[in-house]
Amino acid sequence: MSQHVISVKVENKFGVLARVAGLFSARGYNIDSLAVSRTEDDDISIMTIVVKGDDKILEQVKKQLHKLIDVIKVSDHAPQLSIQRELALVKVSCTSAKRSEVLQLAELFKAEVADVAHKSITFSIDGESGKIDRFIELATPYGIKESMRTGVVSILKDRD
Amino acid sequence: MKLTGSQIIVESLKKQGIDVVTGIPGSANLPLYTELHESGIEHILARHEQGAGFIAQGMARRSGKPAVCLATSGPGATNLLTAIADAKMDSVPVVAITGQVALPFIGTDAFQEVDTFGLSLSITKHSFLVKDIGDLPGIMRDAFNIAASGRPGPVLVDVQKDIQNQSIEIDSIPDPLPLPPKSAPGEKEIKEIAEAINKSARPVIYAGGGVILSGAEEALRIFAEKASVPVAVSLRGLSTFDHYHPLYMGLIGMHGNLSTNTAFNEADLVICIGARFNDRTTGNTNGFCPDARIIHADIDAAEIGKIRRSDLSIVSDAGDFLEALVNYSEKKDRSGWISRINELKKIHDKDFQLPGYHPLEIIRTVSNLAHEGSIVATDVGQHQMWVARTYPFPVGRTFFTSGGLGTMGFGLPVAIGAALADKTKTVLCFSGDGSILMNIQELATLADLGLNVKVIILDNGQLGLVRQQQELFYGRKFIATSFRTHTDFSTIASGFGIRGIDMNAARIDMAQLESALKEPGPCLVNINISGEYNVYPMVPPGKENINMLTEDMHE
Chain W
1 MSQHVISVKV
11 ENKFGVLARV
21 AGLFSARGYN
31 IDSLAVSRTE
41 DDDISIMTIV
51 VKGDDKILEQ
61 VKKQLHKLID
71 VIKVSDHAPQ
81 LSIQRELALV
91 KVSCTSAKRS
101 EVLQLAELFK
111 AEVADVAHKS
121 ITFSIDGESG
131 KIDRFIELAT
141 PYGIKESMRT
151 GVVSILKDRD
Chain G
1 MKLTGSQIIV
11 ESLKKQGIDV
21 VTGIPGSANL
31 PLYTELHESG
41 IEHILARHEQ
51 GAGFIAQGMA
61 RRSGKPAVCL
71 ATSGPGATNL
81 LTAIADAKMD
91 SVPVVAITGQ
101 VALPFIGTDA
111 FQEVDTFGLS
121 LSITKHSFLV
131 KDIGDLPGIM
141 RDAFNIAASG
151 RPGPVLVDVQ
161 KDIQNQSIEI
171 DSIPDPLPLP
181 PKSAPGEKEI
191 KEIAEAINKS
201 ARPVIYAGGG
211 VILSGAEEAL
221 RIFAEKASVP
231 VAVSLRGLST
241 FDHYHPLYMG
251 LIGMHGNLST
261 NTAFNEADLV
271 ICIGARFNDR
281 TTGNTNGFCP
291 DARIIHADID
301 AAEIGKIRRS
311 DLSIVSDAGD
321 FLEALVNYSE
331 KKDRSGWISR
341 INELKKIHDK
351 DFQLPGYHPL
361 EIIRTVSNLA
371 HEGSIVATDV
381 GQHQMWVART
391 YPFPVGRTFF
401 TSGGLGTMGF
411 GLPVAIGAAL
421 ADKTKTVLCF
431 SGDGSILMNI
441 QELATLADLG
451 LNVKVIILDN
461 GQLGLVRQQQ
471 ELFYGRKFIA
481 TSFRTHTDFS
491 TIASGFGIRG
501 IDMNAARIDM
511 AQLESALKEP
521 GPCLVNINIS
531 GEYNVYPMVP
541 PGKENINMLT
551 EDMHE
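Order-wise, the sequence lines are chains W and G.
All residue numbers for the first sequence refer to the numbering used here, where the first residue is 1 and numbers rise by one.
All residue numbers for the second sequence refer to the numbering used here, where the first residue is 1 and numbers rise by one.
Below is the structure:
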């Protein structure tokens with residue numbers, strides 16, 4: 001079961017998010033993440049969906065999405081053909097004794113310090129999902145108090 | 001011109017050529033109903049919104065055009081949902097227009113408020129919640145276009161009461177949109193498919209409801225005859241092909257013919273047209289035609305490869321596909337393969353010399369006595385399978401059954417709708433004593449209308465098809481499948497103002513039955529049958545189609 005990033009251009013209409021989310025639950029597809037946002041065109045929204053499944057499921061997901069009246073375009077974003085980014089907020093436990101160590105780790109990942117408290121530092125980190133995974137992994141020994149991610153957004157590279 | 005929301009809806013219906021609608025009024029759609037008063041559109045008052053939904057389905061299934069049902073908010077809308085879900089599964093173009101509480105009440109748990117739009121999402125082809133009266137003319141136009149285009153389906157339009165009352169200045173009601181042009185099947189794909197068929201020694205056609213939706217029955221016959229390919233059908237494909245045609249193999253699947261299922265197992269090529277490899281048709285999918293290459297033609301791209309991988313496929317309307325294909329198909333002599341199939345029919349489809357009181361014989365008797373060319377609707381259960389197996393349906397939109405959703409209570413209101421759409425025909429509604437009770441209130445609607453609908457109940461005092469499963473697969477632990485009391489359906493019919501007749505299967509009064517079927521007007525004939533009959537042959541759920549249980553294995 002591999003992960004696929006699907007970008008869905010939809011009419012910015014009432015109920016469209018419920019319709020897409022409903023399709024995934026009704027057909028038993030697994031969503032790893034879903035990011036919805038406006039685009040340069042007010043009438044159009046874009047959903048970036050990370051879905052887990054084999055090729056057959058991916059094919060079905062795309063075809064079923066395509067059948068929804070409010071869906072304008074469905075595209076498959078292969079990693080090598082697209083730019084994919086995600087943002088995470090990660091609250092790492094750290095007492096003053098460990099602070100410089102944690103900050104050093106954050107610096108390596110270009111994670112930004114968003115807040116500092118007596119017993120924790122909250123980082124804002126963006127980039128490809130793999131980088132965020134790795135940062136969280138390396139910060140785990142200090143203790144992750146809370147973390148959350150926006151889900152992937154993705155844009156296709158232009159080919160000149 | 002200045003029009004209210006209700007006027008926009010009514011004028012849009014007229015623009016779409018709708019002259020009959022069905023439904024039930026209530027608080028949240030009264031403005032719309034008031035506008036219907038002098039509209040010239042006939043309104044059929046159903047007795048339950050589910051009945052209205054299925055009456056609309058009957059009209060749409062017979063005519064092939066979108067039909068309209070109306071309901072108020074809350075329970076009116078929720079009552080419609082089963083009929084809408086059924087229309088989605090069987091690709092029936094129904095436009096449901098529901099009233100909704102006024103905007104200031106939305107989200108306040110107001111009286112008769114329910115999130116109709118939210119409930120409709122997964123069971124419609126599309127749904128609209130009208131939030132601005134300015135959008136209403138376009139929404140009404142789009143609703144009909146979406147319902148009828150491509151693979152048809154139900155569309156719901158939920159209209160708040162205040163929008164029905166508001167006015168707006170508009171130039172005109174938009175004309176109906178032309179249906180999007182069907183994409184012509186690609187020549188390269190057609191050639192490849194034709195070549196595979198030309199090379200095949202043992203091809204079979206598996207035709208489904210898509211052939212009927214496309215009106216491609218004639219194209220199917222021409223192709224099958226030219227290429228000498230035997231034709232089998234799914235439940236929804238019944239009435240696509242002449243019952244008496246030498247190439248006809250009848251029904252495949254769970255309650256299909258053993259000969260047909262065996263022939264499919266021996267086939268080297270399956271040409272699936274407008275069907276979707278449903279589990280009731282294929283049995284265990286992995287064991288379905290293991291040695292055959294699969295060609296799949298369907299108008300809905302998502303059906304290709306959804307269940308069974310196909311070797312060659314094409315996204316196309318069934319008629320366009322067949323008309324293009326026939327040009328590249330060679331005239332073939334497949335007498336060897338056809339005589340093998342005839343041999344299988346002789347071996348497996350033994351006529352058991354059934355006694356006259358057997359349900360299959362009763363159905364044959366009814367078909368012989370009824371007017372030629374009668375239309376047939378069924379409910380869901382044993383009677384449905386017996387009718388599907390036996391009745392010689394005339395070609396083309398003559399058989400209506402709840403194929404996908406399997407909705408008990410479907411038969412009577414659909415029969416009423418079909419009779420409304422085509423008053424020249426008698427409509428036979430086969431039902432069971434379980435199913436008929438699920439929408440029996442529509443006998444009142446039928447009495448209002450006096451249509452030529454003949455309800456034939458095969459009454460065995462039980463939920464027979466479920467009981468059959470308990471007998472065969474659940475260790476004969478019979479629970480909740482026998483009715484403790486016997487309902488007197490002929491008296492009930494009389495109570496509704498409809499002629500009711502009660503007969504015993506062993507003593508059928510032919511003259512009385514014939515008069516019931518042929519005299520104009522509605523009639524209900526209850527035929528008491530034995531509860532011992534099962535529907536055979538049968539593929540046990542989850543098994544391969546060739547592993548059918550047959551009557552002689554069990555009796």
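Just so it is clear, CB atoms sit at the ideal spot from N, CA and C, and this is done for glycine as well.
Keep in mind it's a predicted model, so treat the numbers as computed, not measured.
Given S183 of chain G as reference, the closest of G:I314, G:R293 and G:A511 once Cα atoms are compared: The sequence position of residue 183 of chain G within the second sequence is 183, counting from 1. Ranking the options by Cα distance to S183 of chain G, first place goes to G:I314.
Interface flag, E555 of chain G vs chain W, CB-CB below 9 Å: As a first step, residue 555 of chain G is located in the second sequence; it is residue number 555 there, counting from the start. Caution applies to E555 of chain G, whose pLDDT of 45 falls short of 50 and renders its modelled position unreliable; the model cannot decide the point.
T82 of chain G and T98 of chain G closer than 9 Å at C-beta: Here residue 82 of chain G is taken as the residue at index 82 of the second sequence, counted from 1. Here residue 98 of chain G is taken as the residue at index 98 of the second sequence, counted from 1. Pairing T82 of chain G with T98 of chain G gives a Cβ-Cβ distance that is not under 9 Å.
Residues within the segment 117–143 of chain G neighbouring chain W, beta-carbon criterion of under 7 Å: F117, G118, L121, S122, H126, L129 and K131
Members of the segment 145–160 of chain G near chain W, C-beta cut-off 8 Å: I146
Test: K9 of chain W CB closer than 9 Å to a CB of chain G: Stepping through the first sequence from its first residue, residue 9 of chain W is reached at position 9. Cβ-Cβ to chain G under 9 Å: no for K9 of chain W.
Expected contact under 8 Å - CB spacing of V157 of chain G and V94 of chain G to nearest Å: Within the second sequence, numbered from 1, the residue matching residue 157 of chain G stands at position 157. Within the second sequence, numbered from 1, the residue matching residue 94 of chain G stands at position 94. At roughly 11 Å, the Cβ-Cβ gap does not stay under 8 Å, so V157 of chain G and V94 of chain G are not in contact.
Members of the segment 293–305 of chain G that neighbour chain W once the beta carbon cut-off is set at 9 Å: For the segment 293–305 of chain G, the set of positions with a beta-carbon nearer than 9 Å to some beta-carbon of chain W reads D300, A301, A302, E303, I304 and G305 in chain order.
A201 of chain G: first and last residue of the uninterrupted beta strand (DSSP E) it sits in: As a first step, residue 201 of chain G must be located in the second sequence, where it is residue number 201. A201 of chain G -> no beta strand (DSSP E), and no H or E assigned at all.
Closer than 9 Å to chain W by CB, R309 of chain G: Position 309 of the second sequence, counted from the first residue, corresponds to residue 309 of chain G. By this cut-off, R309 of chain G is an interface position.
Nearest-angstrom beta carbon gap, L524 of chain G and I498 of chain G [assumed within contact, 8 Å]: Stepping through the second sequence from its first residue, residue 498 of chain G is reached at position 498. Stepping through the second sequence from its first residue, residue 524 of chain G is reached at position 524. Yes, I498 of chain G and L524 of chain G are in contact; Cβ-Cβ is about 6 Å, under 8 Å.
Straight-line Cα distance separating I44 of chain W from V10 of chain W: As a first step, residue 10 of chain W must be located in the first sequence, where it is residue number 10. As a first step, residue 44 of chain W must be located in the first sequence, where it is residue number 44. In this model, V10 of chain W and I44 of chain W are separated by some 6 Å (Cα to Cα).
One or two residues paired with R151 of chain G in a DSSP bridge: Numbered from 1 along the second sequence, position 151 holds the residue referred to as residue 151 of chain G. Answer is none; R151 of chain G lacks a bridge partner.
Any chain G beta carbon closer than 9 Å to K63 of chain W: Along the first sequence, read from residue 1 onward, the residue named residue 63 of chain W stands at position 63. Interface residue, yes.
V326 of chain G versus F223 of chain G: straight-line alpha-carbon distance, rounded: Taking the first residue of the second sequence as position 1, residue 326 of chain G is located at position 326. Taking the first residue of the second sequence as position 1, residue 223 of chain G is located at position 223. Cα to Cα, the separation comes out at about 5 Å.
L258 of chain G burial status per 10 Å Cβ neighbour count (16 or more: buried): Numbered from its first residue, the second sequence carries residue 258 of chain G at position 258. Burial call: buried.
Beta-carbon proximity list for G209 of chain G, same chain, < 8 Å, skipping 5 on both sides: Translated into positions along the second sequence, residue 209 of chain G becomes position 209. Excluding positions up to five away in sequence, the list reads D90, S91, S234, R236, G237, G274, A275 and G403.
Alpha-carbon to alpha-carbon, L443 of chain G and E113 of chain G: Counted from its first residue, the second sequence places residue 113 of chain G at position 113. Counted from its first residue, the second sequence places residue 443 of chain G at position 443. Each residue's Cα considered, the two are about 29 Å apart.
The segment 83–90 of chain W / the segment 126–134 of chain W touching (three or more Cβ pairs under 8 Å): yes
Helix, strand or coil at F123 of chain W [DSSP, three-state]: Here residue 123 of chain W is taken as the residue at index 123 of the first sequence, counted from 1. Looking at F123 of chain W - three-state DSSP - the assignment turns out to be strand.
CA-to-CA distance, G283 of chain G to G56 of chain W, given in whole angstroms: For the purposes of this step, residue 56 of chain W is identified with residue 56 of the first sequence, where counting begins at 1. For the purposes of this step, residue 283 of chain G is identified with residue 283 of the second sequence, where counting begins at 1. Note that residue 56 of chain W is Lys in the sequence shown here, rather than Gly. C-alpha separation (whole angstroms): 20 Å.
Amino acids of chain G, ordered along the chain, whose beta-carbon sits closer than 9 Å to that of G143 of chain W: In the first sequence, residue 143 of chain W corresponds to position 143, counting from 1. By Cβ distance, chain G contributes nothing, its closest Cβ being about 41 Å from G143 of chain W, past 9 Å.
Per-residue DSSP class, three states only, for D459 of chain G: Along the second sequence, read from residue 1 onward, the residue named residue 459 of chain G stands at position 459. Collapsing the DSSP output to three states places D459 of chain G in a strand.
Amino acids of chain G, ordered along the chain, whose beta-carbon sits closer than 8 Å to that of I69 of chain W: Reading the first sequence from its first residue, position 69 is the one you call residue 69 of chain W. At a beta-carbon threshold of 8 Å, the residues of chain G lying near I69 of chain W are K125, H126 and I146, ordered along the chain.
Proximity of G336 of chain G and D379 of chain G at Cβ, strictly below 9 Å: Position 336 of the second sequence, counted from the first residue, corresponds to residue 336 of chain G. Position 379 of the second sequence, counted from the first residue, corresponds to residue 379 of chain G. Contact check for G336 of chain G against D379 of chain G fails: the beta carbons are separated by 9 Å or more.
Top-ranked residue by Cα proximity to A301 of chain G, from W:M148, W:V36 and W:K67: As a first step, residue 301 of chain G is located in the second sequence; it is residue number 301 there, counting from the start. Among W:M148, W:V36 and W:K67, the Cα nearest to that of A301 of chain G belongs to W:K67.
Contact the segment 338–347 of chain G vs the segment 363–380 of chain G: 3+ CB pairs below 8 Å: No: the two stretches stay apart, fewer than three of their Cβ pairs being nearer than 8 Å.
Per-residue burial, M548 of chain G [other beta carbons within 10 Å of its own, 16 or more giving buried]: Here residue 548 of chain G refers to the residue found at position 548 of the second sequence. Buried: at least 16 other Cβ atoms inside 10 Å.
C-beta neighbour in chain G for E112 of chain W, strict 9 Å: As a working mapping, residue 112 of chain W is identified with position 112 in the first sequence. No - not a single Cβ of chain G is within 9 Å of the one on E112 of chain W.
Contact set between R19 of chain W and chain G, taken where Cβ atoms lie within less than 8 Å: Taking the first residue of the first sequence as position 1, residue 19 of chain W is located at position 19. Ordered by position in chain G, the residues that pass the 8 Å Cβ test against R19 of chain W are L121.
Cβ neighbour criterion (16 or more within 10 Å) applied to A506 of chain G: In the second sequence, the residue the question calls residue 506 of chain G occupies position 506. Result: exposed.
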